[in-house]
Every structure is written in structure tokens, then in C-alpha cells.
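Structure first, then comments.
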Amino acid sequence: MTSPKPAYKRILLKLSGEALMGDDAFGINRATIVRIVDEVTEVINLGVEVAIVIGGGNIFRGVAGGSVGMDRATADYMGMLATVMNSLALADAMNKTGLTARVMSAIAIDQVVEPYVRPKALQYLEEGKVVVFAAGTGNPFFTTDTAAALRGAEIGAEMVLKATKVDGVYSADPKKDPNATRYTEISFDDAIGQNLGIMDATAFALCRDQKLPIKVFSIFKNGALKRVVMGEDEGTLVHA
Ligand SMILES: Nc1ncnc2c1ncn2[C@@H]1O[C@H](COP(=O)(O)OP(=O)(O)OP(=O)(O)O)[C@@H](O)[C@H]1O
Ligand SMILES: O=c1ccn([C@@H]2O[C@H](COP(=O)(O)O)[C@@H](O)[C@H]2O)c(=O)[nH]1
């Protein structure tokens, strides 16, 4: 009997920066990052090519800096640098478990990480390496969700997998509204029209225009990443 095959050959995994905190108040929780790496290893072992964008909310968020009087663009560059730190930590944890990970930055910091060069990223993926895209889009006023949509489209990923703190897209923020109900699927237009805060509208619009579906699921649920990759019922599908 042949074993079931993954539903996707190449994915873009967006990891919530805040989820990296685990139960800590900020920063990177070691046990959490090790668990995430184990889950990624499972799907790599299925032959899936994995690129990752990681957020920076556990370290710095530009809007927060802007709201306390910092110049917004400067605060956003700090946020992008926070994602570089998370990317380095993630790649380090991956390399320690036997995976080969490469970090590529949208902002030039050549002594620290190599710059993002699309053909090189494609080459790494074809070689079975995990590519971690750091520094978001490289531009202020954007988010790492938009970076995930952008890089996902650029590398020809078949789906953006948003691994976050909630188990899908709800009718309202489930952390604020106990009556919010979860969708099993929703169209990009409805998600944008209802102003659902799970992702920003720029990310939704880019994925819609590029016909790149998104799956939103919980990073805290054991085995959820593999179930999504196997095409099983998990989280919420956002589609055209
Ligand atoms: N309609 C909604 N459905 C589900 N979650 C929602 C909704 N509206 C707001 N949220 C909130 O969106 C949050 C998304 O969290 P997530 O940490 O992935 O965001 P992020 O800004 O991409 O994170 P980070 O900056 O840490 O990477 C959830 O924690 C959830 O509480
Ligand atoms: O393309 C981008 C990506 C991110 N930023 C800034 O970084 C922080 C952290 O990213 P999250 O997506 O919120 O995790 C974000 O708040 C922005 O300040 C950016 O400017 N451009």
C-alpha cells in the first residue's frame, strides 16, 4: 500500500512572531521554537519545499513605536530588524536538528545574513533547504503577512500557511469576542469586506490577485502543520 502524498510541493509558511514567546512575556521561548522546528521537519521529510516568513511581534512592532511618538518609518525598520533576529534564531534551531536553513534578508546587512536574491532562493528550495525570508518586504508601512504573500507569489508557492495563535479565521477577533464563530472557508473579498483583523488587507489583496490561497491554523495545535500539508481538514481556507 502506498502512503498518502502531501497536497503541496512548495509552501510558504508564515509564523507568528508572538507565538514564539510561548508562555513568556516577550522574546523567544526555546521549547516553543524547538517544537515548531520538529513540526517543520515532519513536512520536509514528506518532500515538501518549505520557505518561511516570521513576524517580529514578540520583539518589536512599528505601530507601537509610532504610537509613542517615534517616527513611524524608523519604528518599522526596527520591526524589520526584529524579524531578522527571529529568523536567525529559527534557522539556528533548524540547523542544529539536521535541517539546512538559509536566511535571506530584504534589507542589506551582509555581515549577518545574505541578501534576498530570488534565483538563489529558488535554488535553495530545489536543493531541499529551508529558506527563511527575513526583514519582511524591506519597506516600512508593510507587515510580514504582506511579505509572506509577496515571497509566496515570487517563489511559486502553492499556498501560504499562516500559523498563528488562533485556530482559524473568525467572524470577529475570538480573543475579544466570545461569540465569534470560525469559518471553515471564506473568500478573499469577504475577508477584506468584513475587515477581518487576522491579516492585513494588503496581504489578502495580493494573494487574491495572484490566486494564492491561504490556510490559517493554530501553531499551538500539535500536528496541525502536517495535516494542512496533507490537505486534511484543519483551520480556515481563504480563497479566490
Ligand atoms: N477575525 C479574526 N479571526 C481570527 N483572529 C483574529 C481576527 N481578528 C483579529 N484576530 C487576531 O489576529 C491575531 C493574529 O495573530 P498573529 O500573531 O498571527 O498576527 P501577526 O501580527 O501576524 O503576528 P506577529 O507580528 O507576532 O507575527 C490573532 O491572535 C487573533 O487574536
Ligand atoms: O515589510 C515589512 C514587515 C514588517 N515591518 C515592521 O516589522 C514589524 C513586525 O512585523 P509583524 O508583521 O507585525 O510581525 C511590523 O509591525 C512593522 O513595524 C515593516 O515595516 N515592513
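Under UniProt numbering, think of the first position of the sequence shown as 1, with each following residue one higher.
Note that CB positions come from ideal geometry on N, CA and C, so glycine has one too.
Following the DSSP letters along the chain, one finds arginine 102 inside the beta strand (DSSP E) bounded by residues 101-105. Spatial neighbours of glutamate 154 in its own chain (CB-CB distance under 7 Å, excluding positions within 5 residues in sequence) are listed in chain order as Arg118. By the C-beta density criterion, serine 3 is exposed, having fewer than 16 other C-beta atoms within 10 angstroms. Separation of phenylalanine 220 and valine 37 (C-alpha to C-alpha, rounded to the nearest whole angstrom) is 13 Å.
Pairing asparagine 58 with leucine 20 gives a Cβ-Cβ distance under 8 Å.
Between valine 169 and alanine 135, the beta carbon gap of about 27 Å keeps them out of contact (Cβ cut-off 8 Å). Where phenylalanine 133 is concerned, the enclosing beta strand (DSSP E) starts and stops at 130-134. Contact between arginine 151 and alanine 51 holds: CB atoms are separated by about 6 Å, below the 8 Å threshold. Look at alanine 51: its beta carbon is at least 7 Å from all of the heavy atoms in ligand 1.
Taking 3 residues as the minimum length, the beta strand (DSSP E) runs contained wholly in the segment 207-231 are 214-218, in order along the chain.
Distance from the CA atom of tyrosine 8 to the CA atom of serine 67, rounded to whole angstroms, is 40 Å. Residue burial is scored here from C-beta neighbours: alanine 31 has fewer than 16 other C-beta atoms within 10 angstroms and is therefore classed as exposed. Of the other Cβ atoms in all chains shown, 16 or more fall within 10 Å of the Cβ of threonine 83; this residue is therefore buried. In this structure, leucine 99 sits away from isoleucine 33, with a CB-CB distance that is not shorter than 8 Å. In the DSSP assignment, methionine 70 falls outside any beta strand (DSSP E) and carries neither an H nor an E. Here the alpha carbon of lysine 129 sits roughly 6 Å from the alpha carbon of alanine 101. In the same chain as glycine 69, and ignoring 5 residues on each side of it, no C-beta atom comes closer than 6 Å to its own.
With the criterion CB distance below 5 Å from any heavy atom of ligand 2, the matching residues run Gly17, Gly55, Gly56, Gly57, Arg61, Gly62, Asp76, Gly79, Met80, Gly136, Thr137, Pro140, Phe142, Thr143, Thr144, Ala147 along the chain. For the pair valine 229 and arginine 10, the Cα-to-Cα distance works out to about 10 Å. Among the bridge pairs identified by DSSP, tyrosine 8 is matched with none.
Its Cα nearest to that of methionine 104, the residue Val132 stands out among Ile54, Val132, Asn95. Put simply, the backbone Cα of threonine 137 is about 18 Å away from that of methionine 159.
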